[in-house]
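*Asks:*
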C-alpha cells in the first residue's frame, strides 16, 4: 500500500469512526475539547504507523486503544502535577473504570455529542463549526472553505466553543422532558443551517456547495437513527432529501440557477425522492400535529409528486403554507403562501398578500420580496413597475448568480414586445 | 457519491438456500450500522436466477431466455447502494460486512457529470426525455 493510498484509507476510517470515538472519549473524560485532542492523537499515530504496518482489521478498536492509553497518560500527568483533577471531579481510578467500558455499550454517546455541540450557550456559528468538526469529521480547513471564511476564524470559533463548554460545565447528556424538545430544536436548526448554506450559498460565485448538503443530510440520517421517535427529525430529513433531489436540475451547464417550475424533472434524483417521501410518512405517523419541518417537507413532497410543473397541486400547497403560518409564523412563510395563492388563484389574488408584507421590517433587505412582487406585476401586465422591482431585488442579493438572473428578468419585462 | 455494492451469487444462493437466523441477525446489525452512519440508500437480496429471465437483443429480434443461468460467478445475489464520500469509505464499510465465504464488487454509480465531453447536450436531452417519459408512464 502506498502512502497516499494509506492516507486515503485513514481519511475514510476517520470519517466513519471519529464521531463515535470522540463521543465515547467525552463520556470518559467529560470534556469535549480533551476528547477531541485524544482522538486526534490516535489519528496521528495511525498516520505514522498504518502506511508501514497496514490498516488493522478492526481500525476502530485500534484507534480507541491508543486514545484510551493517551487518556490514562494525561490524567496521570495531571495528577502528578496536582492540579485541576479535583475540580474535574475525576481521579485516576474513575477514569480507569470509565475506560473499561467498551464504546459500543453506550449507543447514546453520539446523540449526547450532537446535543453538546449544539448547546445554546454557544453562538450559532460556533455550533455549526463544532458540529461539522466533531460529527461530520470535517477539518477546520474544509469548514472554512465551505463557509468562505478564513481558516483562522473557524479554528478560533472551535477553540472558543470547546472552552465555553468546559467553563460553563455543560453536561454531556441528552436532556429529558420539555428541555428535550427545546434543545432538539437547536440541533435541527444547526443541521438545517448547514444544509441551507450548501443549498443556496449566501455569498460567493457558486449557487450550491453540494458537499455541505451531503454532510447535512448525513447528519440528519444519523440523528434519525439515534432518535427514531422524534417526528421533526424525520420531517427535517424528508425536507432535506426532497430538496436535495433537485440539485442536478437547479443549475444550467453555465452555472445559472433554474427556477423550480422550469426544472427538468427527469433530472430529479428518484432515489432521494423515495427516501424523502418515506421519511415524511414516518414523521406524519409519529406526530398528531405536523411540526414546521414536516409541513415544509409536505410542501416539497407536493412538488416531488407532480409529474410536470402543470400538475402541481397549488391549492394544497397554499393550504400547507397556511398550516405553516400557524405552527411557525413568519413574513417569509406569508410570502411563499402568496406565491402559492398566485399559482392556485391568479396574481390578482396574491398581490394584496405581498403588499401587506411591504412594511415588514424583517423583509426590508430580503431580495425575494421585490422579486415576487415583480413577478406578479409582470403577470398583471404592469411591466414598468415590474422592472423596478426586479432591479431593486438585484441590488439586494449577495449571490452573483442570482443577481444576473434578476437583472435579466428586469430587462426581459421592459423589453418584451407589445408592451 | 453513490456506490453500488454487488454481491456475487454462490452455489448456495443459486440453490435457493435461505440465510440462517444468525446470518440474518448479523446482516441486520451491519445494515443498522450503515443506517446510523447515514450512508445506506438501498439494500436488497435477489431470488436465484432460476426464477429470473434474460432478454437478448439482436438484429433479428429479441429472445427471452428463462433461468437458471450458468457461470455462478457472474450472477448477482444482492446489492447495496451507499452514499459515501469516497471509494475508500465504501471499501472500509464493506470490510465490516459479516460475510464468511463470499465475493463482492464495488462500483461507482454514474452521475451525468462523469461522462464529460462525450455526453453532449443532445445526448443529455435525449436521456432526459427518456427518463421523463418513463416517470410519466409510472404515474409519478
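Protein chains in written order, with our numbering: chain L, -16 to 402; chain P, 335 to 474. Backbone N, C-alpha and C fix where the C-beta goes; we use that ideal spot for every residue, glycine too.
For the 8 Å Cβ check, are there 3 or more pairs between the stretch 170 to 179 of chain L and the stretch 194 to 205 of chain L?
*Replies:* yes
*Asks:* List, in order along the chain, the chain L residues whose C-beta lies closer than 8 Å to that of residue 376(P)?
*Replies:* Position 42 of the second chain, counting from 1, holds the residue named residue 376(P). What residue 376(P) touches in chain L: 254.
*Asks:* Since residue 427(P) is in the alpha helix (DSSP H), which residue starts that stretch and which ends it?
*Replies:* Position 93 of the second chain, counted from the first residue, corresponds to residue 427(P). First-last of the alpha helix (DSSP H) with residue 427(P): 421 to 429.
*Asks:* Closer than 8 Å, CB to CB, is residue 414(P) near chain L or not?
*Replies:* Locating residue 414(P) in the second chain gives position 80, where the first residue counts as 1. So, not an interface residue.
*Asks:* May I have the straight-line CA-CA distance separating residue 122(L) from residue 148(L), to the nearest angstrom?
*Replies:* Locating residue 122(L) in the first chain gives position 139, where the first residue counts as 1. Locating residue 148(L) in the first chain gives position 165, where the first residue counts as 1. Whole-angstrom Cα-Cα distance: 20 Å.
*Asks:* Given a cut-off of 8 Å, decide if residue 382(P) and residue 347(P) are closer than it, judged by their beta-carbon atoms.
*Replies:* Mapped onto the second chain, residue 347(P) falls at position 13. Mapped onto the second chain, residue 382(P) falls at position 48. Yes, Cβ-Cβ distance for residue 347(P) and residue 382(P) is below 8 Å.
*Asks:* Taking DSSP as the reference, what is the three-state secondary structure of residue 400(P)?
*Replies:* Here residue 400(P) is taken as the residue at index 66 of the second chain, counted from 1. Here residue 400(P) sits in strand by DSSP.
*Asks:* Does DSSP put residue 412(L) in a helix, in a strand, or in coil?
*Replies:* A query on residue 412(L) cannot be resolved here, the shown segment of chain L reaching from -16 to 402 and no further.
*Asks:* Starting from the Cα of residue 322(L), find the closest Cα among 337(L), 390(L), 310(L) and 312(L) and give me that residue.
*Replies:* Along the first chain, one-based indexing puts residue 322(L) at 339. Checked all of 337(L), 390(L), 310(L) and 312(L); the closest Cα to residue 322(L) is 337(L).
*Asks:* In the DSSP assignment, the alpha helix (DSSP H) including residue 204(L) goes from what residue to what residue?
*Replies:* Here residue 204(L) corresponds to residue number 221 of the first chain, with the count starting at 1. First-last of the alpha helix (DSSP H) with residue 204(L): 193 to 209.
*Asks:* What are the start and end residues of the alpha helix (DSSP H) that includes residue 251(L)?
*Replies:* Taking the first residue of the first chain as 1, we reach residue 251(L) at position 268. Where residue 251(L) is concerned, there is no enclosing alpha helix (DSSP H), given that its DSSP letter is neither H nor E.
*Asks:* What is the DSSP secondary structure of residue 168(L), reduced to helix, strand or coil?
*Replies:* Counting from one through the first chain, the residue named residue 168(L) turns up at place 185. Three-state DSSP puts residue 168(L) in a helix.
*Asks:* List the residues of chain L that residue 423(P) touches, going by C-beta distances under 7 Å, in chain order.
*Replies:* Against the second chain, residue 423(P) aligns to sequence position 89. Under the 7 Å cutoff, chain L gives -5, -2 and -1.
*Asks:* Check the Cβ of residue 202(L) against every Cβ in chain P and list those closer than 8 Å, keeping chain order.
*Replies:* Here residue 202(L) corresponds to residue number 219 of the first chain, with the count starting at 1. Simply 372.
*Asks:* Helix, strand or coil, according to DSSP, for residue 88(L) in the structure here?
*Replies:* Along the first chain, read from residue 1 onward, the residue named residue 88(L) stands at position 105. Here residue 88(L) scores only 48 on pLDDT, less than 50, and its place in the model should not be relied on; the value that follows carries that caveat. Helix at residue 88(L).
*Asks:* Tell me the DSSP secondary structure of residue 229(L) in three-state form.
*Replies:* Residue 229(L) sits at position 246 when you count from the first residue of the first chain. Note: residue 229(L) maps to coil in three-state DSSP.
*Asks:* What is the DSSP secondary structure of residue 391(P), counted as helix, strand or coil?
*Replies:* Locating residue 391(P) in the second chain gives position 57, where the first residue counts as 1. Looking at residue 391(P) - three-state DSSP - the assignment turns out to be strand.
*Asks:* How is residue 212(L) classed by DSSP in three states: helix, strand or coil?
*Replies:* Here residue 212(L) is taken as the residue at index 229 of the first chain, counted from 1. In this structure, residue 212(L) counts as coil in the three-state DSSP scheme.
*Asks:* On the DSSP letters alone, give me the boundaries of the alpha helix (DSSP H) that residue 417(P) sits inside.
*Replies:* Counting from one through the second chain, the residue named residue 417(P) turns up at place 83. Here residue 417(P) belongs to no alpha helix (DSSP H); instead the beta strand (DSSP E) covers 410 to 417.
*Asks:* Please report how far the alpha carbon of residue 363(P) lies from the alpha carbon of residue 434(P), in whole angstroms.
*Replies:* To locate residue 363(P), count along the second chain from 1; it is residue 29. To locate residue 434(P), count along the second chain from 1; it is residue 100. Going from the Cα of residue 363(P) to the Cα of residue 434(P) covers about 15 Å.
*Asks:* Using 8 Å as the threshold, is the C-beta distance between residue 215(L) and residue 277(L) below it?
*Replies:* In the first chain, the residue the question calls residue 215(L) occupies position 232. In the first chain, the residue the question calls residue 277(L) occupies position 294. A contact, by the Cβ cut-off of 8 Å.
*Asks:* So the beta strand (DSSP E) residue 237(L) belongs to, where does it begin and stop?
*Replies:* As a first step, residue 237(L) is located in the first chain; it is residue number 254 there, counting from the start. Where residue 237(L) is concerned, there is no enclosing beta strand (DSSP E), given that its DSSP letter is neither H nor E.
*Asks:* How is residue 339(P) classed by DSSP in three states: helix, strand or coil?
*Replies:* One-based indexing of the second chain puts residue 339(P) at position 5. DSSP places residue 339(P) in strand when its eight states are reduced to three.
*Asks:* Determine, using beta carbons only, whether residue 335(P) and residue 441(P) come nearer to each other than 8 Å.
*Replies:* As a position in the second chain, residue 335(P) is number 1, starting the count at 1. As a position in the second chain, residue 441(P) is number 107, starting the count at 1. Their beta carbons are not under 8 Å apart, which means residue 335(P) does not touch residue 441(P) by this criterion.
*Asks:* Taking buried to mean at least 16 other C-beta atoms within 10 Å of its own C-beta, is residue 250(L) buried or exposed?
*Replies:* The count along the first chain starts at 1 and reaches residue 250(L) at position 267. Classification for residue 250(L): buried.
*Asks:* Compare the C-beta of residue 299(L) with all C-beta atoms of chain P and state if any pair is closer than 8 Å.
*Replies:* By one-based count along the first chain, residue 299(L) stands at place 316. Closer than 8 Å: no.
*Asks:* Residue 127(L) to residue 396(L), Cα distance in whole Å?
*Replies:* Residue numbering aside, residue 127(L) sits at position 144 when the first chain is read from its first letter. Residue numbering aside, residue 396(L) sits at position 413 when the first chain is read from its first letter. Straight-line Cα distance between these residues: approximately 40 Å.
*Asks:* Would a check of beta-carbon distances place residue 225(L) closer than 8 Å to chain P?
*Replies:* For the purposes of this step, residue 225(L) is taken as the residue at position 242 of the first chain. Not one chain P Cβ lies under 8 Å of residue 225(L).
*Asks:* Is the stretch 377 to 394 of chain L touching the stretch 394 to 401 of chain P, taking contact as three or more C-beta pairs under 8 Å?
*Replies:* no
*Asks:* Output the boundary residues of the alpha helix (DSSP H) element that contains residue 413(L).
*Replies:* Absent from the structure is residue 413(L), since the part of chain L shown begins at -16 and ends at 402.
*Asks:* Going by DSSP, what residue range makes up the alpha helix (DSSP H) through residue 4(L)?
*Replies:* On the first chain, residue 4(L) is found 21 positions in, with the first residue counted as 1. Unbroken alpha helix (DSSP H) run through residue 4(L): -14 to 12.
*Asks:* Going along chain L, which residues have a C-beta under 9 Å from residue 434(P)?
*Replies:* On the second chain, position 100 is the one that residue 434(P) refers to. Those do not exist, as residue 434(P) stays about 14 Å from chain L at its closest Cβ, beyond 9 Å.
*Asks:* Please tell me whether residue 208(L) has its Cβ less than 8 Å away from any Cβ of chain P.
*Replies:* For the purposes of this step, residue 208(L) is taken as residue 225 along the first chain, with counting starting at 1. Yes, because at least one Cβ of chain P sits closer than 8 Å to the Cβ of residue 208(L).
*Asks:* By DSSP's criteria, residue 50(L) is part of a beta bridge. Which residues make up the other side?
*Replies:* Position 67 of the first chain, counted from the first residue, corresponds to residue 50(L). The partner list for residue 50(L) (beta bridge, DSSP) is empty, contrary to what the question assumes.
*Asks:* Helix or strand or just coil, what does DSSP make of residue 345(P)?
*Replies:* Residue mapping note: residue 345(P) aligns to position 11 of the second chain, counting from 1. In this structure, residue 345(P) counts as helix in the three-state DSSP scheme.
*Asks:* On a CA-only basis, which of 364(L), 262(L), 97(L) and 315(L) is nearest residue 153(L)? Give me that one, please.
*Replies:* Residue 153(L) sits at position 170 when you count from the first residue of the first chain. It is 97(L) whose Cα lies nearest to the Cα of residue 153(L).
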